[in-house]
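*Asks:*
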RNA sequence: UCCAGAGUAGCUCAAUGGUAGAGCAAUCGGCUGUUAACCGAUCGGUUGUUGGUUCGAGUCCAACCUCUGGAGCCA
């Protein structure tokens, strides 16, 4: 048999072909008196390929009724210019075969479905236009992440998924254990984790940052990109229990350079998708979010505004706005505050830096003012915080003080402290939620719709 | 976890406390180089669950379940 041609390639053909083999799933069929139109989609493009099957094709009478929406089909024929109103390519079938049937209970129709309904059939939703687009863009966005860092000589580090260290402040952990919950080993009234698989309590990672610091302090510029897990009981459209995070870590790098990289990174991802996924972006613009293109171009074209936390609080206090949550130096900024800054006040992405040390984790570098740390958050319109990062505390004595303030055990982090004992160096990094970025780029408003099989509290179906 | 809203046919939604309906899908037929085709017919329901009020409940009340939006936590 001749080699298979993917639909996306057939649609972009430069010249006709006498022999082509197309395989995919039937989206819809329209029967005429002497022939049928069958729209085939194989997931490689949003646009379907139209196939014309004449009633003189062998097996037409018997098999064409089985070419129902959802059925898998193979067609051999000729690729020709469309004779219909729309320009482009179509296939004149010389033979066809129903590879896999789909009966009338196939839940996807040629009409549009709500995202909520499609979520319930997560195993079939990639066959829909919306989710085909989402997951093609997801793939491309992952590629763009690697491209950005590889181009800049960053080394990709696979940090562990199972870990015994809690990256403090990053949320609740999932425990990893082989202990039989019905008969756990007990010592002095407590579960004896020294008899567990790793001989100590262990968890699914909430961040690869600490491990990335190890590699930054030896390989200069590194990044991690992998799954992370949070056992928070968060029921929102922006949180999942399992999500992917991108965490670059750079040696000999201060907070300003960190902010520069974060800004370039966000812009680079947007530019990549606009350039490489035009068909998908047009779909999102048309059916998901009318403001999408403008918002992305807005972010792409403007330098990000930079303000200190103190200035940001000042702006909020002087805004004359009434907020549901109090604005006060020393308190965390709420979603409504972040949104005001980026959407109303500056009307562009904003990087807020130098947060009070009391609201930030132990590893962030203390500033000379004695009250703030070198932390930064990038805020974008519509979504809020998309990047969070900091310069890390590289001074051993200061870091040890932080451990005491945060009541953390220095013994547990001996290796992390060792980095400050041997050739310590100023270094910085940040984290970006991959799905958050994907939501920003596609306009899709629920994180469950940008993950193939979303894990959220109470839901691990599929 | 908190606040608000919703749950009716496969899907999207109607239905004043009084006979549960439409469009789409599906099935059958017709028509057509059609293209989210069109025309006609047919099929399709334990109104989320359990209890309560009432002569009578999809509708009112209570509890629970599920989903959605927002908030908190955060990425």
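In the working numbering, the protein residues as written are 580 to 1041. Every residue gets a Cβ at the ideal spot worked out from N, C-alpha and C, and that includes glycine.
1) For the alpha helix (DSSP H) holding residue 797, just list the boundary residues, first then last.
2) DSSP three-state label for residue 998, please.
3) Let me know the secondary structure DSSP gives residue 723 once reduced to three states.
4) Taking 8 Å as the cut-off, decide whether the C-beta atoms of residue 646 and residue 608 are in contact.
5) Evaluate residue 970 with the Cβ neighbour count: other Cβ atoms within 10 Å of its Cβ, from every protein chain shown; 16 or more gives buried, anything less gives exposed.
6) Quick one: grab the DSSP three-state call for residue 599.
7) Pull up the distance between the alpha-carbon of residue 1028 and that of residue 1001, whole angstroms please.
8) Report the option in 657, 937, 822, 936 whose CA atom is closest to the CA atom of residue 1017.
9) Nearest to residue 818 by alpha carbon, out of 729, 703, 803, 1014?
10) Quick test of your reading: residue 871 and residue 723, contact by CB under 8 Å. State the CB separation rounded to the nearest angstrom.
11) Name the DSSP bridge partner or partners of residue 657?
12) What whole-angstrom Cβ distance do residue 671 and residue 631 have, given they're in contact under 8 Å?
13) Rounding to the nearest angstrom, what Cα-Cα distance links residue 764 and residue 781 in this structure?
14) Measuring CA to CA, which of 824, 932, 625, 962 is closest to residue 914?
15) Considering Cα atoms alone, identify which of 580, 582, 1037 is closest to residue 812.
16) Measuring straight from C-alpha to C-alpha, what distance separates residue 712 and residue 974?
17) Please state the DSSP three-state secondary structure of residue 869.
18) Quick one, which of 994, 787, 771, 892 has its alpha-carbon nearest residue 1010's?
19) Residues in the same chain with beta-carbon distance under 7 Å from residue 946, minus the five sequence neighbours each way, listed in chain order, please.
20) Which residues bound the alpha helix (DSSP H) around residue 639?
21) Would you identify the three-state DSSP class for residue 809, choosing helix, strand or coil?
*Replies:* Let's see:
1) 788 to 798
2) helix
3) helix
4) yes
5) buried
6) strand
7) 45 Å
8) 822
9) 1014
10) Actually they do not touch by this definition, with Cβ atoms about 17 Å apart.
11) 671
12) 5 Å
13) 16 Å
14) 962
15) 1037
16) 47 Å
17) coil
18) 787
19) 933, 952, 953
20) 639 to 642
21) coil
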